[in-house]
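Have a look at the structure below, then the notes.
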Amino acid sequence: MEITEVRVSPAGSREDKLKAFCSVTFDNCFVVRDIRVIEGSKGLFIAMPSRKLTVRCGGCGFKNVVRSHYCNQCGDSIDRSLSDQVEQGRSKLHADIAHPILTEFREEIQDHVLDAYENFLDDQEDGFSEDSRERSVEKPTARAPRGPLEDEHHEPQVKREKAESEARFLGKTEEKVPEPADEDSDAAMPPPDDNFSTGIF
-8 MEITEVRVSP AGSREDKLKA FCSVTFDNCF VVRDIRVIEG SKGLFIAMPS
42 RKLTVRCGGC GFKNVVRSHY CNQCGDSIDR SLSDQVEQGR SKLHADIAHP
92 ILTEFREEIQ DHVLDAYENF LDDQEDGFSE DSRERSVEKP TARAPRGPLE
142 DEHHEPQVKR EKAESEARFL GKTEEKVPEP ADEDSDAAMP PPDDNFSTGI
192 F
């Protein structure tokens, strides 16, 4: 039997010993899921998919997890002696759902899974380093000035335009100074019409 594929799913930002879940495909036709990668005192190792041990309720026969005080189906109390009988001679409260029989094959599965997990971590680190390098290469664009840069030569003109715009906004108009009357303007005007009363009878 040949291991054809190993998929790794990280356990997230958990601080416990569980590092990842894996699924292993054999001969492209059989998959075993929920193989766990655990960090122990001597390094990483794998744990096969398992379930908690159960005991049957004395009243309804429903299966309950070991050391349960009450039945999840009928609510009756469960005798502790039933859990003691199941735990007798066992060091763990879980039973493997699927597991290799031969030690050599178990070691082969563990080697493939741990290699895939290490490659996954390397890919994650490479992707993070590439993103950080790209961010460091990018130069910040020059910020536009917050205010207009006024030239000393054009400062009076800018102030005058600003005053005119404020005057237009307030509806004010500039007062026009009357031009002095020309001395020859009276001579240029036509004589008054003295025949105003000629049409009145």
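Just so you know, the sequence shown maps onto residues -8 to 192 in our numbering.
We put the beta carbon where it would ideally sit given N, CA and C, even for glycine.
Just so you know, these numbers come straight off a predicted model, no measurement behind them.
- Residue burial annotation: Cys20 is exposed, with fewer than 16 other C-beta atoms found within 10 angstroms of its C-beta.
- Going by C-alpha positions, Cys48 is about 44 angstroms away from Asp106.
- In this structure Val28 is buried. Its beta-carbon is surrounded by 16 or more other beta-carbon atoms within 10 angstroms.
- Scanning Met(-8), Glu(-7), Ile(-6) and Val(-1) for the CA closest to the CA of Asp113 turns up Val(-1).
- The continuous stretches of beta strand (DSSP E) do not include Glu78, which lies in the alpha helix (DSSP H) extending over residues Arg71 to Glu78.
- Comparing C-alpha distances from Val46 to each of Ser74, Ser32, Asn110 and Glu30 shows the shortest one belongs to Ser74.
- With fewer than 16 other Cβ atoms inside 10 Å of its own Cβ, Ile88 counts as exposed.
- Note on Tyr61: under 16 other CB atoms within 10 angstroms of its CB, so exposed under the neighbour-count rule.
- Straight-line measurement puts the Cα of Pro1 at about 31 angstroms from the Cα of Ser59.
- If the five residues before and after Ala38 are omitted, its C-beta is found closer than 6 angstroms to the C-beta atoms of Arg27 and Ile29, all from its own chain and listed in chain order.
- With contacts defined as CB atoms closer than 9 angstroms, Val104 and Val(-3) qualify as a contacting pair.
- Cβ neighbours of Glu95 within its own chain (closer than 6 angstroms, five residues either side excluded): none.
- By the neighbour-count criterion, in which a residue is buried when 16 or more other Cβ atoms sit within 10 angstroms of its Cβ, Asn55 is buried.
- In the structure shown, the three-state DSSP call for Arg97 is helix.
- Taking the CA atoms as reference points, Asp102 sits about 45 angstroms from Ser68.
- Around the beta carbon of Ile100, 16 or more other beta carbons sit within 10 angstroms, so the residue counts as buried.
- Annotation for Ile92: no residue places its beta carbon closer than 7 angstroms to its own, counting only its chain and skipping 5 residues before and after.
- Under the three-state reduction of DSSP, Leu105 is assigned to helix.
- Straight through space, the alpha carbons of Lys8 and Phe53 are spaced by roughly 33 angstroms.
- Take the alpha-carbon of Pro40 and the one of Asn110: they are about 22 angstroms apart.
- When Asp25, Ile(-6) and Ser32 are compared, the shortest CA-CA separation from Thr16 is found for Ile(-6).
- Assigned with DSSP and collapsed to three states, Asp25 falls in strand.
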